[in-house]
Amino acid sequence: MRKYCGKYLYLSCLLFLTAGALFWGSTPVHAAKIPALKVKGTQLVNGKGTKVQLKGVSTHGLSWFPEYVNQKAFHSIKKDWNANVVRLALYTSEYNGYCTGDAKNRKVLERRIDQGVQYAKKAGLYVIIDWHILSDGNPRTYEKQAVRFFKKMASRYQNHTNVIYEICNEPNGGTSWSIIKTYAKKVVKAIRSRDKNGVILIGTPNWSQDVDAAAASPLKGYKNVMYTLHFYAGTHGADLRKKAESALAQGLPLFVSEFGISDASGNGALNKKEGNQWLKFLKRHKISYVGWNLSNKNESSALLKPSCKRTGGWKRSDLSPWGKWLVK
Ligand code: IDC
Numbered sequence: 006m007r008k009y010c011g012k013y014l015y016l017s018c019l020l021f022l023t024a025g026a027l028f029w030g031s032t033p034v035h036a037a038k039i040p041a042l043k044v045k046g047t048q049l050v051n052g053k054g055t056k057v058q059l060k061g062v063s064t065h066g067l068s069w070f071p072e073y074v075n076q077k078a079f080h081s082i083k084k085d086w087n088a089n090v091v092r093l094a095l096y097t098s099e100y101n102g103y104c105t106g107d108a109k110n111r112k113v114l115e116r117r118i119d120q121g122v123q124y125a126k127k128a129g130l131y132v133i134i135d136w137h138i139l140s141d142g143n144p145r146t147y148e149k150q151a152v153r154f155f156k157k158m159a160s161r162y163q164n165h166t167n168v169i170y171e172i173c174n175e176p177n178g179g180t181s182w183s184i185i186k187t188y189a190k191k192v193v194k195a196i197r198s199r200d201k202n203g204v205i206l207i208g209t210p211n212w213s214q215d216v217d218a219a220a221a222s223p224l225k226g227y228k229n230v231m232y233t234l235h236f237y238a239g240t241h242g243a244d245l246r247k248k249a250e251s252a253l254a255q256g257l258p259l260f261v262s263e264f265g266i267s268d269a270s271g272n273g274a275l276n277k278k279e280g281n282q283w284l285k286f287l288k289r290h291k292i293s294y295v296g297w298n299l300s301n302k303n304e305s306s307a308l309l310k311p312s313c314k315r316t317g318g319w320k321r322s323d324l325s326p327w328g329k330w331l332v333k
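The numbering used here numbers the first residue of the sequence shown as 6 and each following residue consecutively.
Put into structure tokens, the structure is as follows:
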């Protein structure tokens, strides 16, 4: 009898845990100890009002290189690379994209994001959930999906002080600021219906370069919103910095959620000289920045050498020339 009791107790515990795990998907998860961020003027600050500059790396597409979303990798990013943020690039349209793949694929990707958020939290990293539009050009193409997705993310992570929402990577194909703004109003509203304070990043026209357009007509009525500026130092230089400077002067908070020092294709020669100019600029304005991309793909914007098989705990010799430059 006693033996059976134990068995039943064991079975009901198991049942309870399984039900809990299923239910958990729709409820907020335990809050992190990482200080919450907010936006004050053009600047990211912590609770005490001290300026904060985030520095880190972006994953490649979560469908392409899932193997780098692991605890060891995120600890290395924090401890060995001295970074404090990681960006999870969720492509919407390319290769098993969130919006072009099937329901099973969406589940897999959401699970990967969740793992990424938890690994980041454990490693003490901020984490950007990046709705990586690219060939879909206009964020309104998948607006319904974006609203649904971000509502879900914001309910899940409303108590996670390390989570940052990036609602559209790089609008392009002539998508105007007014179109992006229409999209942003809907998605920001959806996020705010669940998460009142989390920092939100909004992409700008022309591959997140025309910050001047956003500066002329920023979103009204919401706090903790920033606008993204992307650059690749092999292609973009002083002209783009000028544009950024005038946007800042108009009071627009900027965040560099993606950059590289190759050309804009993510390939070609590295321009370290221009890259250094950019870093000086970012330091001067305390603008946060995130380098593209955490993979060993054979392209100059990959942080790891093609021959590197390690998915965490990297040595200096595992880094590509760009990886070495960035980590230093
Ligand atoms: C590139 C990747 C490349 C991949 C391609 C998909 O580096 O391996 O095949 O996307 O289309 C961006 C984009 C980013 C690009 C990157 C380099 O945000 O997705 O990644 N880039 O082209 N904007 C400017 C450059």
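Cβ atoms here follow ideal geometry from the backbone N, Cα and C, with glycine treated the same way. This structure is a prediction, so every number in the text was calculated from the model and none was measured.
query: Pair within 8 Å by beta-carbon distance, residue 48 and residue 291; result: yes
query: Beta-carbon gap between residue 251 and residue 217 smaller than 8 Å; result: yes
query: Residue 311 classed as buried or exposed, judged by whether at least 16 other C-beta atoms fall within 10 angstroms; result: exposed
query: Helix, strand or coil at residue 314 [DSSP, three-state]; result: coil
query: Secondary structure, beta strand (DSSP E): runs of 3+ residues fully inside the segment 130-215; result: 131-137, 168-171, 205-207
query: Whole-number beta carbon distance between residue 330 and residue 265, since they are thought to touch under 8 Å; result: Their Cβ separation, rounded to whole angstroms, is 10 Å, which puts residue 265 and residue 330 out of contact at 8 Å.
query: Close-in-space but distant-in-sequence residues of the same chain around residue 297 (CB under 6 Å, 5 per side omitted); result: 63, 263, 265, 306
query: For residue 286 and residue 45, the rounded distance between their alpha carbons; result: 19 Å
query: Whole-angstrom distance between residue 159 and residue 230, CA atom to CA atom; result: 15 Å
query: Residue 331 CB to nearest heavy atom of the ligand IDC below 7 Å; result: no
query: Best match in 177, 149, 106 for proximity to residue 141 [C-alpha to C-alpha]; result: 177
query: Contact the segment 161-180 vs the segment 220-227: 3+ CB pairs below 8 Å; result: no
query: Closest residue to residue 115 among 91, 200, 154, 81 (Cα-Cα distance); result: 154
query: Closest Cα partner of residue 213 within the set 246, 191, 75; result: 246
query: DSSP three-state assignment for residue 234, whether helix, strand or coil; result: strand
query: Inter-residue CB distance, residue 192 and residue 133 (contact presumed, cutoff 8 Å); result: So it is not a contact: roughly 15 Å between Cβ atoms.
query: Nearest neighbour of residue 148, chosen from 248, 123, 188, 39 [CA to CA]; result: 188
query: Residue 215 to residue 273 span [Cα, whole Å]; result: 24 Å
query: Residue 160 at chain B interface by Cβ criterion, 8 Å; result: Although the question refers to chain B, the structure presented lacks it and comprises just one protein chain.
query: Beta-carbon spacing of residue 103, residue 66 below 8 Å; result: no
query: Three-state secondary structure assigned by DSSP to residue 330; result: helix
query: Outcome for residue 83 when other beta-carbon atoms lying within 10 angstroms are tallied against a minimum of 16; result: buried
query: Neighbourhood of residue 152 by C-beta, 8 Å cutoff - its chain only, sequence neighbours within 5 removed; result: 191, 192, 195
query: Any non-hydrogen atom of the ligand IDC closer than 7 Å to residue 139 Cβ; result: yes
query: Same chain only: Cβ atoms within 7 Å of residue 122, ignoring 5 sequence neighbours per side; result: 132, 162, 165, 168
query: For residue 275 and residue 1, believed in contact at Cβ under 8 Å, the rounded distance; result: No answer is possible for residue 1: the residues shown for the chain start at 6 and end at 333.
query: Span of the alpha helix (DSSP H), counted from its first residue to its last, around residue 250; result: 243-254
query: Residues bridged to residue 94 (per DSSP); result: 66, 135
query: Beta-carbon spacing of residue 278, residue 222 below 8 Å; result: no
query: Bridge-paired residues (DSSP) for residue 48; result: 45
query: Per-residue burial, residue 200 [other beta carbons within 10 Å of its own, 16 or more giving buried]; result: buried
query: Residue 130 beta carbon less than 8 Å from that of residue 70; result: no
query: Residues of its chain near residue 110, where Cβ-Cβ distance is below 7 Å and the 5 sequence neighbours each way are ignored; result: 101
query: Under the three-state DSSP convention, the category residue 303 falls into; result: coil
query: Beta-ladder partner(s) of residue 260, from DSSP; result: 233
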